[in-house]
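The numbering of the sequence shown is our numbering, which starts it at 180 and goes up by one. Positions of the beta carbon are idealized from the N, C-alpha and C atoms, including for glycine. The structure displayed is predicted, hence computed values, not measured ones. Here's the structure, in structure tokens; my notes come after.
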Amino acid sequence: MNGLINPDRIRSIHPGSAPAGPVLYWMHREFRARNNWPLVHAREEALRRQAPLAVVFCLAPSFLGATLRQYDFLLTGLEETARLLRAARIPLIMRSGEPPEEIAQLCAQLRPALMVTDFDPLRIKRQWLDQFLERFPCPVHEVDGRNIVPAWIASDHREFMARTFRPRLHRHLPEFLDPFPQLDPHPFPWTASVASLDFPALRARFRVDERVAPVADVVPGETGAQATLDRFIDQRLADYHLRNDPNAGVNSGLSPYLHFGMISSQAIVLDLHRQGLRGDQVDGFVEELVVRRELADNFCLYTPDYDRVSGFPEWARATLNRHRRDPRAWVYSQDQFDGALTHDPLWNAAQRQLVTSGVIHGYLRMYWAKKILEWTEEPAEALRIAIYLNDRYALDGRESNGYAGIAWSIGGVHDRGWSERPVFGTIRFMNEAGCRRKFDVNRYIRTWTPGQVPLFPTPIA
Ligand SMILES: Cc1cc2nc3c(=O)[nH]c(=O)nc-3n(C[C@H](O)[C@H](O)[C@H](O)COP(=O)(O)OP(=O)(O)OC[C@H]3O[C@@H](n4cnc5c(N)ncnc54)[C@H](O)[C@@H]3O)c2cc1C
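Dropping the structure here:
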């Protein structure tokens, strides 16, 4: 490796060479200035060409059901990232509108020598890139700044389950777990004029669904992410074996930051190593942060229909199909789920946690999704409702982890068949009694049911 970045982390998406012009980094997944491989690569290319460098970002008018909650989190965090970039003499150029058009128009003005961009396997992001290239075919490098082992290196096919993926990933980890360089000021100044960033004006102008409010106690941005990590390491990591207990409060709470790329999983692992932290708790955490998380990107990369029943494994589709017409004891509409109006106080509490705090505890997320399967007319409807609610309310929604987690719960993805039962077929079943064996269900319900009396309507005959 001659440069600062492992070249296998970079994919040339569109060839060509432009002799002159700036280097641009189109940031749309990794919203951070620190520890960001796409930015490192863009800066290295700019240095090699003795060219100026800018980060470009386009605020899309809608994104997979995101509401004010997620837009606010993104924009507040981005304000801090813009400051960090400015200190490194890298301007952030912002646009709003349809990203492929806006970024292509910007490129037509700036005539970049190279465009560097974030890797993201989601369909909408692949479409953005294709549509951008139709409008402005220029050299484009895509860099995986999300996964420690670039998704296309970790595996060249959809992995069956964590057991098959883990050894591949671990084999490649030493190759890619290299330290990040510091972001030094860029020596080739940006001379073209850049509109000053007026975040309050942008917020005031912007029209998104405001019915889902921002979450006050999750502080957006790179500093908030680091503080959350530091608190987790100091106060919770030692008890991480209790992570399946929603009342224990030992999980990291990092998923909103990881989702928006405000912190890098690689930087987290390097931090754990630097502090000399080892043992079962660290291994357990790294299993979630690296193996499970990167497996989710593997699923979306190699499953174009990752959010549809057709993306489930064949055995799961067959078993669900056999049980499609099974009578359901309860059937709820999307609005009833949305309003936490089911007969089950535990499910309602989980839904209220999601609506109020922007996350559901990881263990209950499985229960939450599986019950949606049990209480809807058919699996495709269950999948649609679970994705709708997760993407609408969760700070960490609209990403691979969500699509993989829901597909695991409803469609057996990365799982195997269990014993046969109504509605689920051989998809793994969960019930309240199982939850009661694991944790204090009443305590969790009390936490997320302020002043409410649980309702127990009669099942459908
Ligand atoms: C139905 C369902 C929906 C889900 N939706 C999302 C989602 O929208 N966004 C999301 O980030 N995660 C999702 N998950 C995975 C997991 O529940 C969350 O990542 C976790 O609860 C986040 O809390 P934490 O950061 O405190 O986790 P911690 O226990 O502290 O774990 C640390 C990190 O590891 C990763 N991680 C943990 N568990 C998983 C997992 N099962 N799969 C992939 N990565 C994992 C996350 O990035 C997490 O932030 C979903 C799981 C299910 C079953």
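Problem set entry | beta strand (DSSP E) segment containing Asp297, residue limits | Leu293 to Asp297
Exercise. Does the beta carbon of Val592 fall short of 7 Å from some heavy atom of ligand 1?
Worked result: no
Problem set entry | the segment 236 to 256 in contact with the segment 186 to 201 per 3-pair CB rule at 8 Å | no
For this session: Going by CA-CA distance only, name the one from Gly463, Ala427, Asp409 and Asn426 that's closest to Gln454.
Result: Asp409
Exercise. Does the distance from the CB of Ala446 to the CB of Phe355 come in under 8 Å?
Worked result: no
Exercise. Near Ile442, what residues of its chain come up, given a Cβ to Cβ distance below 6 Å and the 5 sequence neighbours on each side ignored?
Worked result: Ala404 and Tyr436
Exercise. Does the segment 268 to 277 come close enough to the segment 366 to 377 that 3 or more CB-CB pairs lie under 8 Å?
Worked result: yes
Problem set entry | Rounded C-alpha distance that separates Glu473 from Leu348 | 9 Å
Exercise. CB-CB under 6 Å to Arg345, same chain, minus the five flanking residues each way: which ones, in chain order?
Worked result: Val470
Exercise. Is the segment 476 to 492 touching the segment 587 to 607, taking contact as three or more C-beta pairs under 8 Å?
Worked result: yes
Exercise. Got a sec: does ligand 2 put a non-hydrogen atom nearer than 7 Å to the Cβ of Glu281?
Worked result: In the structure on display, ligand 2 does not appear, and the ligands it does have are ligand 1.
For this session: Can you give me the Cβ contacts of His336 inside the same chain, cut-off strictly under 7 Å, excluding the 5 residues immediately before and after it?
Result: Tyr481
Problem set entry | Alpha carbon of Thr605 to alpha carbon of His207, nearest angstrom | 39 Å
Exercise. How about Asn430: is its Cβ closer than 7 Å to a heavy atom in ligand 1?
Worked result: yes
Problem set entry | Contact the segment 500 to 520 vs the segment 554 to 570: 3+ CB pairs below 8 Å | yes
Problem set entry | Buried versus exposed call for Arg544 [16 or more other C-beta atoms within 10 Å across all chains shown] | buried
Exercise. Would you call the segment 542 to 557 and the segment 609 to 618 touching, i.e. three or more CB-CB distances under 8 Å?
Worked result: yes
Exercise. Using the rule of at least 16 other Cβ atoms within 10 Å of the residue's Cβ for burial, across every protein chain shown, is Asn621 buried or exposed?
Worked result: exposed
Exercise. Three-state secondary structure (DSSP) at Trp205?
Worked result: strand
For this session: Sort out for me which residues DSSP pairs Gly604 with in a bridge.
Result: Arg600
For this session: Would you kindly work out how many angstroms separate the C-alpha atoms of Trp205 and Met294, rounded to a whole number?
Result: 7 Å
Exercise. When DSSP builds the beta bridges, which residues end up paired with Glu184?
Worked result: In the sequence under discussion, the amino acid at residue 184 is Ile, which differs from the Glu named in the question. According to DSSP, which records beta bridges pairwise, Ile184 is partnered with nothing at all.
Problem set entry | Helix, strand or coil at His336 [DSSP, three-state] | coil
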